[in-house]
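Chains A and B are the protein sequences, given in the same order.
According to this note's numbering, the first sequence is numbered sequentially starting from 753.
According to this note's numbering, the second sequence is numbered sequentially starting from 1301.
Shown next, in structure tokens, is the structure this report addresses.
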Amino acid sequence: MSQGVTFVTGKGGVGKSTVAAALARASGARLAVFAHTGPSGALVLRPAECRQAVAARLFGSRRLARAFLGSEPVRALLDVSDAVTALVAFAELERAAEGAPLVFDMPATGHALSWFRSLPVLEGLAGGGRLKAFVASVRRWIRAPQHRLAIVTTAESFVLSETRELIEAARSLPDALADQALIVNRVPPARSAPASASSFPEAHARLNDWNMLRTQAEAFRDEAGASTHLLVDRIGARNLVAAMAEELAA
Amino acid sequence: MKVTVIAGTGGAGKTTTSAALALAHARAGERVLALTLDPARRLFDAFERDASESFLRWREGSGEVHLWMPTTEDALAEVAHATMGERAVPFLNGAVAQLFTAAPAGLHEIVLLLALHRRTRDVDHIVIDTAPSAHALAAFDLPARMLSLFDGRVLGMLEGSARGGFLSSMAERLVRSVLERFFPADALQAAADFYRALGVARRPLQRASEHASRLLASARVLIVAAPTEASVRGARQLRRELDARGLNPALGVMNRVREGLLEEQRHWTPEALDDAYAALTAYATQHATLLERFEGSFEQVLRVPHLPAPGRLEAIRELLEPVLDARHRLAG
């Protein structure tokens, strides 16, 4: 039986990877990345190896998979589209999730949405037979109720507007995830302006920015609902992931 | 033809910097084409213009800005009509072409680079905004991938025809047998139709790929960062990887710098700043460390101050103008 997977995405630069690592730590899940390398302790799904593994499962033979993927025209075709990449990543993720719950650190907004949108198109293209059945089973797995999508954002206005679009787009995906959580990262602690604001204009301005960000984060939580979590900014913290995980677990 | 590629981590201000750079070059008298390879498509917002059209062109100072941000669908249609004639319509209605519009990442960048060919005739400079981090590197590898896609072997494989000499080896026969056993005939047929249509346009598509390849190989790369740990780390890594490809990004742009903060910090006292002292000091210290680390990685760094949204674009343009010439000298 497959365990739940938390798929983490958001606009570039909001701290997806750090939040994903913290989420994994807080929930006792394993962090998974689809890349050549990853943080220590993470499950690193290497694209080339995953491709081999998926082909071997599909063809029922490792040797056949190697020969097939060794062909240059085949590689030229497969390298072009994120659609095959998405299928391979999701299929291997499903297998890895049989052992333990996972937190999957995904690419940023545009690419992540396109990963989810690829599967129905691939299924349509596959026509019938074994490939179609394979894509369909991966899609069924994604729609299972134990998974959720975690969208990471910061409270800056321009980031929030992209996040709102992402929330809507994610809800209307053909393979929408059962559950959606929102995490506002780098929320400054509430602070009042210093007494001697006139002698320290920069400190005063920074504190004002912080107060405004805090207000925007809270307003966003009110608008977006109970599944919104605010994470305090820990400037210069030594072990950011551990500190964040503690906050998420609370 | 000058080409500038803007790279950097997400949220650093790449797109705003791209827009400001395009404006600065246009004011200096150039005709500048601005486009983004990021499927998130935010370039119109950065220019503070409405995204209802995919192409806008206007006079800017003594030059011009050509702002081009098509959907994948529009760019594909443009490429197909330009290279396939009347076969373009059935091609665009085919099953495989739908993949381009439904799942644009990866394919979006390719289609844009193919369509770029027709957009560069009446401009002097192309400013290319990219998707975050590693995607910028991937963009430089795309033309090579495109060329291998259009070289005919793929069609040979899908058709299984001996004409291309494809069935000559054991390995190729094996691949064909795998395709036939595991992929339904109609899917193979759809893919072969797609490739046959491409085959009609193979020469122009190869030329477009070669054109994109030359443009990217001659590009000057500008790396944008913001003073956060992840952004500076990402920028320095990008610099190393681009150096390894011989692309030497000499100029770094550090956005959202708070110079006043660094100056003022010396006079702060815990009493004057109450409980905010520790947080502010940590912030200012981190700021200083990150600037130093970033500036150690580039021959030249432009510090762009933290600016409020109204007027940010124009302010960055003004800051960029004096370094444009210096940057050209650095790039040879």
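Just so you know, even glycine gets a beta-carbon here, dropped at the ideal spot from N, CA and C.
In this text, all values refer to a predicted model and were calculated from it rather than measured experimentally.
Taking 4 residues as the shortest admissible run, the segment 1535–1593 of chain B contains the following complete alpha helix (DSSP H) segments, listed from N- to C-terminal end: 1559–1564 and 1570–1573.
When Cβ-Cβ separations below 8 Å define contact, B:E1614 makes no contact with chain A. Using a Cβ-Cβ cut-off of 8 Å, B:V1532 does not count as an interface residue toward chain A, since no Cβ of chain A sits closer than that to its own. Apart from sequence neighbours up to five positions away, the residues of its chain that approach B:A1415 with a beta-carbon distance below 6 Å are A1375, E1378 and V1379, ordered along the chain. For A:V836, the enclosing alpha helix (DSSP H) covers residues D834 to A848. With respect to B:G1499, A:V832 sits apart: the two C-beta atoms are not nearer than 8 Å. At a cut-off of 8 Å between beta carbons, A:F811 contacts chain B.
For B:G1394, not one C-beta of chain A is nearer than 8 Å to its own C-beta.
Residue nearest to B:L1620 within the set B:L1516, B:V1303 and B:A1320 is B:A1320 (criterion: CA-CA distance).
In this structure, B:R1496 is the residue among B:R1327, B:R1476, B:R1496 and B:A1526 with its C-alpha nearest to the C-alpha of B:A1388.
Taking a contact as a CB-CB distance under 8 Å, the pair B:H1366 and B:L1413 does not count as one, their CB atoms being some 16 Å apart.
Using a Cβ-Cβ cut-off of 7 Å, B:G1310 is close to K763, G764, G765 and A860 of chain A, given in chain order. Below the 7 Å Cβ cutoff, chain B contributes V1475 and V1478 as neighbours of A:F820, in chain order. Residues of the segment 783–805 of chain A whose Cβ lies closer than 8 Å to any Cβ of chain B: none.
Excluding residues up to 5 positions away in sequence, R803, Q804, A807, R827 and L830 lie with their Cβ nearer than 8 Å to the Cβ of A:L821 in the same chain.
Between B:S1509 and B:L1591, the C-beta gap is not smaller than 8 Å, which leaves the two residues out of contact. Among the bridge pairs identified by DSSP, B:A1530 is matched with none.
Listed along chain B are R1558, G1560, L1561 and E1564, each with a C-beta nearer than 7 Å to that of A:E954.
Boundaries of the beta strand (DSSP E) around A:D931: D931 to V939. The segment 1570–1583 of chain B makes no contact with the segment 1531–1541 of chain B: fewer than 3 CB pairs, one atom from each, lie closer than 8 Å. Boundaries of the alpha helix (DSSP H) around B:I1410: L1407 to L1416.
The three-state reading of DSSP puts A:G762 in strand, counting E and B together. The three-state secondary structure of B:D1374, taken from DSSP, is helix.
Annotation for B:R1603: M1554, V1557, E1559 and L1591 place their beta carbon closer than 8 Å to its own, counting only its chain and skipping 5 residues before and after. Secondary structure note for A:Q804: its alpha helix (DSSP H) is the uninterrupted segment P799 to F811.
Interface flag for A:A878 against chain B is set, since a Cβ pair is found closer than 8 Å.
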